[in-house]
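To convert, note that position 135 of the sequence shown is 122 in our numbering; the numbers rise steadily by one, no gaps.
The C-beta atom is built at its ideal place from N, Cα and C for all residues, glycine as well.
Just so it is clear, the structure is predicted and the values come from calculations on it, not from any experiment.
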Amino acid sequence: MKTIEVDDELYSYIASHTKHIGESASDILRRMLKFSAASQPVTPVVKEVRAVQPVVEAKPVNPTKDKVRAMRELLLSDEYAEQKKAVNRFMLVLSTLYSLDNNAFAEATESLHGRTRVYFAADEQTLLKNGNQTKPKHVPGTPYWVITNTNTGRKCSMVEHIMQSMQFPAELIEKVCGTI
């Protein structure tokens, strides 16, 4: 398996043709190009891509597109696809959002709470004080804890609020929420 770099516009186009969670970029391209593994050797294509690679690296970096790309990569990743439970996908999304911009994540979670519940906190005890059945879990790679005994719709609402606050495009927010 070789790694190639593509510009953000092309990546978005390829990702928009995803048929199911966990489908690899190779599978998407094979389907789009009506290309089977046996029809041509892979080596000539790799040589062409390597010639293009320096041009892609010379482009200026756009942080907004990088955030979008990172979220799309999460949705296409094997790790995400292997998650059988909504709570595990929820935790992966939260970890990724935090890693992209921890300050924006912090701002978004401060204003995120229910009528009687706190959804995010720096420690488990704060969440337990607001309800014994909250099932707090630590968000991997972050200093945050989150309640997890909410229904999937509420988890999606939390992710939607955070992503909107972090200024992600609406179509990506919808796609992420649709996979939780």
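With a cut-off of 8 Å on Cβ pairs, the stretch 110 to 129 is not in contact with the stretch 143 to 154, counting fewer than three such pairs.
Between the alpha carbons of E(-4) and F22 lies a distance of about 22 Å. Nearest neighbour of P123 by Cα position, chosen from C164, A95, I134, P130, turns out to be I134.
Listed as beta-bridge partners of A108 by DSSP are W132. In the three-state scheme derived from DSSP, where H, G and I count as helix and E and B as strand, H4 is classed as coil.
Distance from the CA of A91 to the CA of S98, rounded to the nearest whole angstrom, comes to 11 Å. For H148, no pairing in a beta bridge is given by DSSP.
DSSP places L159 in the uninterrupted alpha helix (DSSP H) bounded by 157 to 166.
With contacts defined by Cβ atoms closer than 7 Å, I167 and R76 form a contacting pair. Taking 7 Å as the cut-off, the beta carbon of L87 is found no closer than this to the beta carbon of K116. Around the beta-carbon of R102, fewer than 16 other beta-carbon atoms lie within 10 Å, marking it exposed. In terms of Cα proximity to A73, the closest of I15, E158, C143 is C143. Boundaries of the alpha helix (DSSP H) around R76: 73 to 87. Taking 8 Å as the upper bound for CB-CB distance, A2 and L63 are in contact here, some 7 Å apart. Within the same chain, Q120, T121, K122 come within 7 Å of N136 by CB-CB distance, once the 5 residues on both sides are set aside. By the Cβ neighbour-count rule, A57 is exposed, with fewer than 16 other Cβ atoms within 10 Å of its own. Within the DSSP bridge table, the entry for K54 names no partner.
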